[in-house]
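A.B. asks: Protein chains in written order, with our numbering: chain A, 31 to 285; chain B, 21 to 459. Yeah, the Cβ is synthetic: ideal placement off N, Cα and C, and Gly gets one too. Just dropping this structure here.
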Amino acid sequence: MNKIIKYVLHDIFRNRILLAYVVLLSLSSFGLFMMNEDVSKGLSSLLTVLLIVVPLVSILFTTIYFFNSYEFIELLVAQPLKRSNILLGVYAGVGISLLAAFWIGIGLPVIIFDGTIVGWYFLLSGSLLTMVFVSLAFLASVLTRDKTQGIGIAMLLWFYFTLVFDGILLMVMFAFSDYPLEKLTIFLSCLNPVDLARIMVLLKMDISALMGYTGAVFNQFFGSSFGIIFAMSVMLVWVAFPISIALRIFKRKNL
Amino acid sequence: MKVNKKHVGIQLLPRSLSVKSLHLIKLSYTVSLSVIVVCFCFATSLAAREITVKPGTKINTLHKALQLAQNGDVIKVTASTYYVEDLLVDKSVSLIGIDNPVLDGQNKSNVLIITAPKVTIQGFVIRNSGFSNIKDKAGIRVEKGDTVNIINNRLENTCFGIYLAKVTRGTISGNIIRGINTAIQSGNGIHLWYSHHINILNNNISGQRDGIYFEFATYCTISRNLSENNHRYGLHFMFSNNDTYTFNTFRKNGSGVAVMYTKHITMTNNTFEQNWGSSSYGLLLKDISKSVISNNTFSKNTSGIYMEGTNNVKAEHNNFLNNGLAVRMLANCEKDTFLLNNFMGNTFDFTTNGSENLNYLKGNYWDKYSGYDLNRDKKGDLPYRPVCLYSQIIEKLPSAVFLLRSFMAELLDKAEKALPSMAYVNLYDNEPSMHIIQP
């Protein structure tokens, strides 16, 4: 498995797309930090990048890489290797390289300019988000054999988690606005890793005070150490769950 | 001839003088003597006697000094700790502390009570007043005084710091007031009730309930004070007309500064900052009319200004920087104007709870403005609508705050900006400035 990871890493680091991703991230983060005199302002602008660009690139890059190296995976399957080891090896390789890109592109500027506890939360939730979307990409990839279809599923997943889910949530909130929804929204937020990442960062930023009474409920929950551990473990479940389903499918799949 | 032995001088008189003339001389002598004595007494009272209080001497307590003193005297108090309780200053004297003598109230009652006019209290450390839920106990309590000067004192662990009731004319300057108690146990730093023409300058207040509290206090000036980390408000106004406050800093107070039920207030060059909390604001205006807010800076507050039931309030040349919400103006405000203010880095610039608007915005700089200026008159050609859609949604549905900063919230705002229709509020700046306004 280590050999597979090494090979995948070697393959990806020669890839120009990953380099472009690093450049994009570092440009946007350095740019935002330098444009805003206030550091925390820069971080909150960077939050948009974290919540939209990072998941999109993670899921698309992984899916495309998976289908591009399909023949390589087929070759590996022909060897006396366990299928789960093959998939996990490729997964680890892609994950490590995307995490490295994230830490170089966003991590370095955040540590240089911010360096506070908020910054670390930001980077932690960004890393978890990257892993979640790599996981989801593997699920999208094993669901089909067709590259176009795979990319389509990946795009749909991204679209669902960044936009559609929140839209549905807002509709639900409107429909049941007569009822106390605070606890329900805490539960619903667990169903979307992007929302979880956003809340984890937002509540560490000053902005939490803006949230009034309703915000106080979130703050009480996600602001406590139990809430943070809870949010992180839910994110870890979001990393583990799609890849384990992908593994099950991949094991039985007729390649 | 019988000569009074006491009048030695008479013995030296020539014997030729008659008895009658001798009697005359004697009379004039006593008269002149008594005149001199009276004159001496007058002279001393005019020159203000100086009484020094010092441990180990005959006058070793303030109480003794005050008993000896007459109006106009100066009582100098040397450095030591004096234990006093309800010390009554009922003569027009100046109490001057040399090298910061301590007046300790031993947690019993008031420390000083001033009831006379023309009293000066200067250079003391006043500490440990009593605490009570029924009586307002203070470090320095002034009742019905006139021309009171309270200068350069330090008040520590007092329930109320300086308490003025029915006082006319006075100066409270350079005092440091430090409360160390809980919100329930502490009183106000500087408390004015039914007083007028008081100047409050250069004081530094923290840890009290309200930093400065005004109730029925008129024609007062509050300037260059620092009020921070108080449990409730940095400054609290009630029913206090015609006051001015300038160049003050209000920082990190429980819920900011509140000005209520008042008219003709001038608020200029103040700084309101870092009042964060779920019900905190830089400046709360409730039922205020005919007032001016100019050249102030509001930075990093949950709400910069919160306006409720205000009318004819003019806000000019203020800076709203990095607030969660720069201005919250409820629908019952009318005829208020916002001219030439800078709005930068706020999460929301304006929110309101109604769709009708009776207020006026003009020539402000909004960093979120994305219009253009084709005719180069430095004013944007399109009006700016400071109330964004998502803030309207939160208004109707507080739990929607959960989706703040999400992609969808931003998308909704963008869509609304392109086609304003969904959450139409009749509030706009017709001539938004293209550049930051320099004062």
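Can you list the residues of chain B that D196/A reaches, using a CB-CB cut of under 8 Å?
C.D. replies: In chain order: L423, S426, F427, M428, A429.
A.B. asks: Name the one or two DSSP bridge partners that T357/B has.
C.D. replies: Per DSSP, K334/B, Y380/B.
A.B. asks: Quick check: the region 141-159 of chain A against the region 253-271 of chain A, are at least 3 beta-carbon pairs closer than 8 Å?
C.D. replies: The region 253-271 of chain A, when compared against the region 141-159 of chain A, does touch it at the 8 Å Cβ threshold.
A.B. asks: Please report the distance separating the alpha-carbon of N245/B from that of V52/A.
C.D. replies: Taking the straight line from one Cα to the other gives about 51 Å.
A.B. asks: Using a cut-off of 7 Å between C-beta atoms, extract the partners of A420/B located in chain A.
C.D. replies: The answer, in chain order, is L200, M203.
A.B. asks: Express the C-alpha separation of V202/A and T264/B in angstroms, rounding to a whole number.
C.D. replies: The alpha-carbon atoms of T264/B and V202/A are separated by roughly 50 Å.
A.B. asks: Would you verify that the beta carbon of I82/A is, or is not, closer than 7 Å to some beta carbon of chain B?
C.D. replies: It does: the Cβ of I82/A has a partner Cβ on chain B nearer than 7 Å.
A.B. asks: Listed from N- to C-terminal order along the chain, which residues in the region 407-419 of chain B have their beta-carbon within a distance smaller than 9 Å of any beta-carbon of chain A?
C.D. replies: Cβ contacts with chain A come from I413, I414, K416, L417, P418, S419.
A.B. asks: Take F292/A as the anchor and find which of A205/A, K234/A, L199/A has the nearest alpha-carbon.
C.D. replies: Outside the modelled stretch of chain A, which goes from 31 to 285, sits residue 292/A, for which no answer is possible.
A.B. asks: Once the 5 residues before and after S299/B are set aside, which same chain residues still bring their CB inside 7 Å of it?
C.D. replies: Once the five neighbours on either side are set aside, the close Cβ partners of S299/B are S275.
A.B. asks: So, does the CB of T215/A fall closer than 7 Å to a CB anywhere in chain B?
C.D. replies: With 7 Å as the cut-off, T215/A counts as an interface residue toward chain B.
A.B. asks: Based on DSSP bridge pairs, tell me the residues matched to Y404/B.
C.D. replies: DSSP lists D449/B as partners of Y404/B.
A.B. asks: Quick one: what's got a C-beta closer than 7 Å to A122/A's C-beta in the same chain, skipping five residues either side?
C.D. replies: Excluding residues within five positions, the ones whose Cβ falls inside 7 Å are I35.
A.B. asks: Is it buried or exposed for E101/A, if we count other Cβ within 10 angstroms and need 16 for buried?
C.D. replies: Burial call: exposed.
A.B. asks: In whole angstroms, what is the alpha-carbon distance linking G227/B and R198/B?
C.D. replies: Between G227/B and R198/B, the C-alpha separation is close to 6 Å.
A.B. asks: For Y95/A, count the other beta carbons within 10 Å of its own beta carbon; 16 or more makes it buried, fewer makes it exposed. Which is it?
C.D. replies: Y95/A comes out buried.
A.B. asks: Which word fits T322/B, buried or exposed, when buried means at least 16 other C-beta atoms lie within 10 angstroms of its C-beta?
C.D. replies: The residue is buried, with at least 16 neighbouring Cβ atoms inside 10 Å.
A.B. asks: Note down, in chain order, every chain B residue with its Cβ under 7 Å from the Cβ of T192/A.
C.D. replies: Chain B residues near T192/A: F427.
A.B. asks: Along the chain, where does the alpha helix (DSSP H) that runs through R228/A open and close?
C.D. replies: From DSSP, the alpha helix (DSSP H) with R228/A extends over 223-234.
A.B. asks: By alpha-carbon positions, which one of T371/B, D93/B, D124/B, K186/B ends up nearest to E105/B?
C.D. replies: Ranking T371/B, D93/B, D124/B, K186/B by Cα distance to E105/B puts D124/B first.
A.B. asks: Do we get a CB-CB distance below 7 Å when we pair H455/B with the residues of chain A?
C.D. replies: Output row for H455/B: interface = no.
A.B. asks: For A435/B, which residues in the same chain have their Cβ closer than 7 Å to its Cβ, ignoring the five residues on either side in sequence?
C.D. replies: Nothing meets the Cβ criterion.
A.B. asks: Would you say N169/B and T140/B are within 7 Å of each other, going by their C-beta atoms?
C.D. replies: Yes. Within cutoff.
A.B. asks: Tell me, which residues are paired with K96/B by DSSP?
C.D. replies: Paired residue(s): T72/B, I116/B.
A.B. asks: Which residues in chain A sit within 7 Å of G324/B, going by Cβ to Cβ distance?
C.D. replies: By Cβ distance, chain A contributes nothing, its closest Cβ being about 12 Å from G324/B, past 7 Å.
A.B. asks: Where does L303/B sit, in a helix, a strand or coil, going by DSSP?
C.D. replies: L303/B falls in the strand class under three-state DSSP.
A.B. asks: For a contact defined as C-beta to C-beta under 8 Å, what are the partners of G302/B on chain A?
C.D. replies: Simply none; closest approach about 12 Å.
A.B. asks: With a cut-off of 8 Å, do at least 3 Cβ pairs link the region 102-119 of chain B to the region 82-90 of chain B?
C.D. replies: Short answer: they touch.
A.B. asks: By the 10 Å Cβ neighbour count, where 16 or more other Cβ atoms means buried, how is N98/A classified, buried or exposed?
C.D. replies: Exposed.
A.B. asks: By Cβ distance below 8 Å, which residues in the same chain neighbour V94/B in space, the five residues on each side in sequence not counted?
C.D. replies: Excluding positions up to five away in sequence, the list reads A68, R69, E70, I71, V113, S114, I116.
A.B. asks: Closest to L255/B by C-alpha separation, out of G209/B, N219/B, H217/B, would be which residue?
C.D. replies: The shortest Cα separation from L255/B among G209/B, N219/B, H217/B belongs to G209/B.
A.B. asks: Using beta carbons (cut-off 7 Å, strictly below), is G365/B in contact with chain A?
C.D. replies: Yes - at least one Cβ of chain A is within 7 Å of the one on G365/B.
A.B. asks: Mapping the DSSP letters down to three states, classify A278/B as helix, strand or coil.
C.D. replies: It is a strand residue.
A.B. asks: List the residues of chain B whose Cβ lies closer than 7 Å to the Cβ of R228/A, in chain order.
C.D. replies: Correct list: R425, S426.
A.B. asks: Per DSSP, what kind of secondary structure is N362/B in: helix, strand or coil?
C.D. replies: In the structure shown, N362/B sits in a strand (DSSP, three-state: E or B).
A.B. asks: Name, in chain order, the residues that DSSP records as bridge partners for A158/B.
C.D. replies: The partner list for A158/B (beta bridge, DSSP) reads F180/B.
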